[in-house]
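What follows is a short report on a single structure.
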Amino acid sequence: MDFELTETQQQIRDLAREFALRELAPIASQIDETGEFPIETVKKMGALGLMGIEVPEAYGGAGLDTLCYVLAMEEICKVSAAHGTIMSVNNSLVCLGLKLFGSETQKREFLVPLAGGQKLGAFALTEPQSGSDAGNMQTTAVRDNGDYRINGRKSWVSSGPYADLVLLVCATDRSQGSKGTSAFIIDTSRPGLIRGKIEPKLGIRASATCELLFENYTLPVGQRLGEEGMGFKIALTILDAGRIGIAAQALGIAQAAYEASVAYARQREAFGSKIAEFQAIQWIIADMATRIEAARLLVYNAALKKARGDRYGQEASMAKVFAAETAMWVTTKAIQVHGGIGYSKELPIERYFRDAKITEIYEGTSEIQRTVIARHLLGQR
Ligand code: COS
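Per the numbering used here, the very first residue in the sequence shown carries number 3; after that it's consecutive.
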């Protein structure tokens, strides 16, 4: 494995780092407190090319590789994981779906504005009764001549309250189970789509999440993505890639908590010396750095496999489960290193801890990642 970064990879990492420090650091705690969706900074991310990193320039994107995407995600999430969620949904779940499965016309109409940041995308797969069991969908799209009529309810839609376009996966033939599902591109400005209340959440609080209710929402057949019946495969293909982005998010959160712990240990005094002098603290710092390094190698490895065009589902799941659990462990220990002040909202440490938790849940729980890995290892995929 060669992780020597190219000049382009270093440039995008530096660009994301500088942007995050300049634009996101001053607002990260405040938007976490208020839960306000950061429309202005998301637009700026779009203008910088951060909303369509892997989309070819011909379709409005930055035309960069998966490692560039991971490096940028890491830097953004180090400062504001909520921005990272909005970025990852647009990049991995929506733009990638259109890039892989969209027709030329669909790419021109929908991918170009999403990749350029003029429009914001969301992904709707989960329903109140189906999260991990994603194939068990009750929302239906019924064909009516040249149109589909959609009815049902999608839940936990990140960026749902503000999205212009939604990549929706729902049932077109419920008797066929997951094989009877299809994907659609939903224009949220049309009638029949109602956005539910914004979910109050533990972490990534500035990334708005809501239910989407479809009541006789009608769309033309031309807005179906891929063939009828391909919906579940499209969703799982997209999620394989999305999991690399969430792993990078977890890595960014863990790195932020680690760096804060090192800085605090060097300046905090107890029993007449800096706490960095105590083995109890040193060993935590050593374990934090070791686990983060291992997570980073897994995340970069998955990204390089994807960039090379190799199969990467197993590696993406390994990266996600390991990075997510690393983020939870490191942020828990970071609070411990800081003691009382780590538990206080005076510092961002407790935010890192709250933000880390979602990485063990969305885009496939840690249990689902282990199932996916085991299926690969046992030749069941
Ligand atoms: N990429 C493409 N196709 C895939 C796939 C993947 N990673 N994994 C499975 N498929 C295909 C299978 O090949 C199968 O098609 P064929 O019968 O034509 O071969 C079809 O999808 C159904 O596969 P399977 O029977 O394995 O599906 P299951 O219902 O058993 O589900 C898991 C498999 C659990 C892995 C899947 O449901 C999953 O990943 N769930 C988590 C969903 C998730 O991440 N939710 C979060 C939503 S976003 S916040």
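For each residue, glycine too, the CB sits at the ideal point set by N, CA and C.
| Asked | Found |
| --- | --- |
| Contact between the segment 367-374 and the segment 335-344 (3+ Cβ pairs under 8 Å) | no |
| Continuous beta strand (DSSP E) stretch holding arginine 145: start and end | 142-146 |
| Three-way DSSP call (helix, strand, coil) for isoleucine 55 in this model | coil |
| Beta strand (DSSP E) segment containing arginine 151, residue limits | 149-160 |
| Nearest neighbour of arginine 19, chosen from Ile33, Gly228 and Cys79 [CA to CA] | Cys79 |
| Every unbroken alpha helix (DSSP H) within the segment 307-361, with a cutoff of 4 residues, ordered by chain | 315-340, 342-345 and 351-360 |
| Bounding residues of the alpha helix (DSSP H) (the contiguous stretch that carries arginine 245) | 233-269 |
| Helix, strand or coil at phenylalanine 216 [DSSP, three-state] | strand |
| Nonlocal neighbours in the same chain, by C-beta distance under 7 Å from tyrosine 266, ignoring five residues either side | Val339 and His340 |
| Cβ-heavy atom distance, glycine 186 to the ligand COS, below 7 Å | One point to set straight first is that residue 186 is phenylalanine, not glycine, in the sequence displayed. No; taking the cut-off as 7 Å, the Cβ of phenylalanine 186 has no heavy atom of the ligand COS nearer than that. |
| Distance between serine 90 and isoleucine 248 (C-alpha atoms, nearest Å) | 7 Å |
| Cβ-based neighbour list, arginine 298, same chain, cut-off 7 Å, excluding 5 preceding and 5 following | Leu253 |
| Chain-order list of residues whose beta-carbon lies under 8 Å from that of serine 31 (same chain, five-residue window excluded) | Lys347, Pro350 and Arg353 |
| Beta-ladder partner(s) of proline 222, from DSSP | Asp149 |
| DSSP three-state assignment for isoleucine 196, whether helix, strand or coil | strand |
| DSSP three-state assignment for serine 275, whether helix, strand or coil | strand |
| Near the ligand COS: glycine 137 beta-carbon under 7 Å from a heavy atom | yes |
| Own chain partners of alanine 2 with C-beta closer than 7 Å, once the 5 adjacent residues on each side are dropped | Nothing about residue 2 can be reported from this structure: the residues present for the chain run from 3 to 383 only. |
| Inter-residue Cα distance where the pair is aspartate 242 and aspartate 175 | 24 Å |
| Tyrosine 302 Cβ short of 7 Å to the ligand COS heavy atom set | no |
| Arginine 270 beta carbon near the ligand COS (any heavy atom closer than 7 Å) | no |
| Contact test: isoleucine 370 Cβ vs the ligand COS heavy atom, cutoff 7 Å | yes |
| Any non-hydrogen atom of the ligand COS closer than 7 Å to threonine 87 Cβ | no |
| heavy atom of the ligand NAP below 7 Å from serine 94 C-beta | For the structure depicted, the ligand NAP is absent and the ligand set comprises only the ligand COS. |
| Residue range of the alpha helix (DSSP H) that includes isoleucine 370 | 368-379 |
| Within 8 Å, strictly: CB atoms of glycine 233 and serine 177 | no |
| Cutoff 7 Å; reference alanine 208; Cβ partners in own chain excluding five residues on either side | Ile33, Asp34, Gly37, Glu38, Phe39, Pro40 and Ala84 |
| For threonine 174, three-class secondary structure by DSSP | coil |
| Near the ligand COS: aspartate 242 beta-carbon under 7 Å from a heavy atom | yes |
| Cβ-based burial, leucine 204 [other Cβ within 10 Å; buried from 16] | exposed |
| Among Thr87, Pro130, Tyr219 and Phe280, the one whose alpha carbon lies nearest that of valine 72 | Thr87 |
| Rounded separation between alanine 304 and serine 319 - CA only | 9 Å |
| Glutamate 365 beta carbon near the ligand COS (any heavy atom closer than 7 Å) | yes |
| Inter-residue Cα distance where the pair is glutamate 230 and leucine 170 | 13 Å |
| Rounded separation between valine 323 and leucine 238 - CA only | 16 Å |
| Three or more C-beta pairs below 8 Å linking the segment 327-335 and the segment 288-296 | yes |
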